[in-house]
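Numbering (my numbering), first residue to last: 260 to 468.
Ideal placement from N, C-alpha and C gives every residue a C-beta, glycine not left out.
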């Protein structure tokens, strides 16, 4: 990765226009997208095919009509996937199921609720938390899902809508060195603990478990 990516996204936040983008497109290709593509190629042999997200925002249903994303991200092509994002604020490393189907979410909540399966889930979360990863609470329910008590002992897990974990890394010199690959690979190994739990407990077809 290239440290100019931080400055690029800082400037893009101020000048999020087609004219600025076209003027700086070669810079994006060289200093932002290029290093991310090289990183993806190095991660693929161990973690499988990787998709890099396009830089264009879908503004059809958004009040914010700025056309370009203020980050670059990549994700593995799996039902429980590994994720990496670079923005002006640094790296976001994580993975899991960002938008689980209703059946998968229901299966997860059943496992959370069941005192026989909850300990294994809590042990898995404790392992990834020890490495700084936390469940993603974006868009979590404000109250208990239907059918569950608000004073449930694991209510915070029942409220989750995304079955993903993540860890933020502030900009640091190691990100622009060969060490970055080793750091990201090691972090993804931790994420694999969570993804493996999801794959094992919430099958492709939850009704077939």
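ask   = Just to confirm, are residue 391 and residue 363 a CB contact at a threshold of 8 Å?
value = no
inquiry  = Between the alpha carbons of residue 430 and residue 349, how many angstroms are there, rounded?
reply    = 5 Å
key: Per DSSP, cross-strand counterpart(s) of residue 310   = 334
ask   = Which residues in the same chain as residue 261 place their Cβ atom closer than 6 Å to its Cβ, once the five residues preceding and following it in sequence are excluded?
value = 290 and 294
query = Is the beta carbon of residue 347 sitting closer than 8 Å to the one on residue 329?
reply = yes
inquiry  = Check this for me: beta carbons of residue 384 and residue 394, under 8 Å apart or not?
reply    = yes
ask   = DSSP state of residue 327, grouped into three classes?
value = strand
ask   = Cβ atoms of residue 457 and residue 339: under 8 Å apart, would you say?
value = yes
query = Identify the residues that DSSP records as bridge partners of residue 341: which are they?
reply = 354
ask   = At which residue ranges does the region 353–435 contain complete beta strand (DSSP E) runs of 3 or more residues, listed in the order of the chain?
value = 422–428
query = For residue 349, which residues does DSSP report across the bridge?
reply = 346
key: residue 318, buried or exposed, once every other Cβ within 10 Å from all chains shown has been counted against 16   = exposed
task = In the DSSP assignment, find the unbroken alpha helix (DSSP H) run with residue 287 in it and report its ends.
result = 277–287
task = Can you give me the Cβ contacts of residue 434 inside the same chain, cut-off strictly under 6 Å, excluding the 5 residues immediately before and after it?
result = 260
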